[in-house]
């Protein structure tokens, strides 16, 4: 099928995707510069170790998130067990928790000098580390667990949405044909949810790859560490850019492999929304063990860190309280809202183009615009700064040519830079989520609509938009929450005196004194919770 | 298309009206946490009526300054380490300041000859020893590689600027190969892989995980004044290393005037103020650092640690060997 879009749509799609890709291009361009043999030196010394760590952490977090996210999503969507109504939304809450907070809380708790080991030593009379064995938090496995605790909700959220959107009649048919619940899960629900789960896992992998705070805190050097070392230590942006480009390439290969794995599959769904899901009513030990599992994950990923934050805030209230919180909160909220809207608009533009144009190259804009997510934040910030400052210099140059006073840094020195940085970083979330939703709509709907003489543009607004509303909403909220927590881009790109909650907390975290920023961290979490509650309501309907 | 142009034009006017700054404002790029400089800055604003705006980031400010070029709004950069100051100078992002006030306040070895950068405070890279298990012993940085301390030493990441600076000074004193042997020995003596911050190392001594730790002086001062951290601080002696020979390694926090500062006069006024008695006293009392202004005494607590001999190695030498120090760290895989 070939649908003629009007000319503006493809043109805009390419324009925006290229604009978003510009910072990444700037980084790639930088990578061709002279790196003074820094790359070679790293390769001969520490890079192999860093690579292994990176692979371990990324694959570990991906697998563990799958193992936690998918089962919980399925139980919550398809089964009835004690506390289900609570866990439906509670399992999302860790999303609102910044990863560095979780890392901080658990190292404080579990490290040698922490209360747990201290108590053990006291209780058993051990005197030194040689007297007993206790797992070391600051290891690769520690980092995997911490990152999983904050990232599994992606898998949970997207998988659950996918399970809910599946037409129950499929599973019912399978059951009627004699398959067990497990078989119907394995052969019907899971394959149908695979695209959504794949998107979620690749988001998790990208987020892990870009993470610096947690791995740094856990003294696990990864490629991101190498990127920062080369850039800030050796002063070689070229080597840093080369490493970043390598990371992107590796990720591209992984994602393409997964796409290849299901390239022959096509799933469309016709959930009318009228069919009611019949949940398996679980009883006894089965039901309670699911409840227990959810409780443990919830306690670890949210309840305990949150309680610790509250405790800190109470204890250090005087140092923590700052009358400007309200201003910081407004800044954070406005920023996150703008970014969410922009990301969704771009996601719709690009994914709809991909759907209608149906040629191989039409998928390119969406892909190009999704690459920013895997770059470490500060590197991305520099990538954003390069084209923006070029533009600013150009504008001022023109003014000066006419002997006029130039406007100064209108893009790179203002809020525009932060918004641009966030959009480049989070467009991937929006695109992935909207694309997954859009793909579930059968092309026969497009054909039917067009047969009736409706223009593609009208079809988009009247048919597709209402159908992907839920997907858009999910995407917007994910972007919103991520923007609330996002740090490096805001830190480096912000105008003078502009403080968000995250940048405010960071100045204390960077001094390993989270106590003094605890109150602000609580506000980040609480503000993030509001959209999560909305999100959950819309999904349950 | 017309509407697009109008939109862009509108945006530009709007943005430029935002970016217009009155003459009585100074803009600072700071590598130091705002809460550390706030008290000083606030006092200056109250005294002079000049408004001060700050952007704080730990990474990339030099890069941003470079990209912004002559349109930058930043007037002053504040750093926590000599290497950053030298980086700004090497990239040609700062300009010389010739102020009699500053030159009188800051001793010659703590500022650039041409006035491209100035130190504001100095801090010592101290060694801490367990009161219970080692006592107040004389110790040198070289001793950290002594086999008798195997499994007894804690430190933060080697890649941290403070550690890198120490290793640079070791290269300056012992040459690359000498420093490499030392760093290998140091690594073999570690009780655990490098992690945490300076305070964390002192806590680890208190908990018995190690007997010796490296850490900056002012962190110890702050721990002593924090009720919850005091027990850990009380468990260690603060030792000034190498008192029998060249003296303890010191680093500086400092400032520089950006090349394209638009408000040079006020900016220099602030720089002078920062080296003056009032500001230096705040640095000393609140941050527990050693003021560069000799007329200002360290806080009573800091003074109670006693006089010490500081390494007289030029600050620029430390910055000079920085990259070699980083290579060394990679070669011995210090952090792995």
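Chains as they are written, first to last, in our numbering: chain A, 6 to 546; chain B, 3 to 338. A virtual CB, placed ideally from N, CA and C, is assigned to each residue, including glycine. None of the values given here were measured: they were computed from a predicted structure.
- Locate the beta strand (DSSP E) running through residue 31 of chain B, then write down its first and last residues. 27-32
- Query: So, using beta-carbon positions, are residue 33 of chain B and residue 125 of chain B closer together than 8 Å?
  - Reply: no
- Task: Run down chain A in chain order and give the residues with a C-beta less than 8 Å from the C-beta of residue 59 of chain B.
- Result: 496, 497
- Output yes if chain A places a C-beta closer than 8 Å to the C-beta of residue 73 of chain B; else output no. yes
- Item | Best match in B:254, B:143, B:145, B:129 for proximity to residue 285 of chain B [C-alpha to C-alpha] | B:254
- Task: Tell me whether residue 543 of chain A is buried or exposed, calling it buried when 16 or more other Cβ atoms sit within 10 Å of its Cβ.
- Result: exposed
- With 16 as the cutoff for other CB atoms within 10 Å, does residue 239 of chain A come out buried or exposed? buried
- Per-residue DSSP class, three states only, for residue 132 of chain B: strand
- Query: Given 8 Å as the limit, is there contact between the region 390-397 of chain A and the region 359-376 of chain A, that is, 3 or more CB pairs closer than that?
  - Reply: no
- Interface positions of the region 23-40 of chain B facing chain A (Cβ-Cβ less than 7 Å), listed along the chain: 29, 35, 36, 37
- Message: Taking only three categories from DSSP, how would you classify residue 141 of chain B?
- Response: coil
- Task: List the residues of chain A whose Cβ lies closer than 8 Å to the Cβ of residue 44 of chain B, in chain order.
- Result: What residue 44 of chain B touches in chain A: nothing, since even the nearest Cβ is about 13 Å away.
- Message: Any beta carbon of chain A sitting closer than 8 Å to that of residue 288 of chain B?
- Response: no
- Message: What does the Cβ neighbour count give for residue 49 of chain A, buried or exposed, with the cut at 16 atoms within 10 Å?
- Response: exposed
- Query: Helix, strand or coil: how does DSSP classify residue 364 of chain A here?
  - Reply: coil
- Query: If we cut at 8 Å on Cβ distances, does residue 213 of chain B have a partner in chain A?
  - Reply: no
- Query: What is the rounded straight-line gap between the Cα of residue 252 of chain B and the Cα of residue 345 of chain A?
  - Reply: 47 Å
- Query: Going by C-alpha distance, which of A:211, A:465, A:430 is nearest residue 3 of chain A?
  - Reply: Not covered by the structure: residue 3 of chain A. The range shown for chain A is 6 to 546.
- Item | Within-8 Å CB hit, residue 501 of chain A to chain B | yes
- Neighbour list for residue 127 of chain B in chain A, Cβ cutoff strictly below 9 Å: Chain A residues near residue 127 of chain B: none, gap ~18 Å exceeds 9 Å.
- C-alpha distance - residue 187 of chain A paired with residue 179 of chain A, whole-angstrom precision: 11 Å
- Message: Let me make sure I understand the geometry here. Which of B:110, B:132, B:238, B:193 has the alpha-carbon closest to that of residue 565 of chain A?
- Response: The question about residue 565 of chain A has no answer, for chain A in this structure spans 6 to 546.
- Task: Per DSSP, which residues does residue 80 of chain B bridge with? Please list them.
- Result: B:32, B:257
- Query: For residue 127 of chain B, which three-state DSSP category applies?
  - Reply: strand
- Item | Delimiting residues of the beta strand (DSSP E) encompassing residue 193 of chain A | Note, residue 193 of chain A: premise wrong, no beta strand (DSSP E); not H, not E.
- Leaving out the 5 sequence neighbours to the left and right, which residues in its chain are closer than 7 Å to residue 368 of chain A when beta-carbon positions are compared? 359
- Query: Nearest-angstrom Cα distance between residue 274 of chain B and residue 87 of chain B?
  - Reply: 17 Å
- Message: Relative to the C-alpha of residue 539 of chain A, which candidate in A:523, A:522, A:83, A:475 has its C-alpha closest?
- Response: A:475
- Message: Give me, in chain order, the residues of the same chain whose beta-carbon lies closer than 6 Å to that of residue 442 of chain A; leave out the 5 immediate sequence neighbours on both sides.
- Response: 473, 476
- Task: Could you work out which residues of chain B lie near residue 441 of chain A, taking near to mean beta carbons separated by less than 7 Å?
- Result: Per Cβ cutoff of 7 Å: no residues; residue 441 of chain A is ~32 Å from chain B at best.
- Message: Is there a C-beta anywhere in chain B that falls below 8 Å from the one on residue 343 of chain A?
- Response: no
- Looking only at DSSP bridge pairs, what is residue 85 of chain A linked to? A:286
- Message: Taking 8 Å as the limit between beta carbons, can you name the residues of its chain near residue 517 of chain A, skipping five residues before and five after?
- Response: 109
- Message: When you compare the CB of residue 311 of chain B with every CB in chain A, is at least one pair closer than 8 Å?
- Response: no
- Message: Does any residue of chain A have a CB that is nearer than 8 Å to the CB of residue 96 of chain B?
- Response: no
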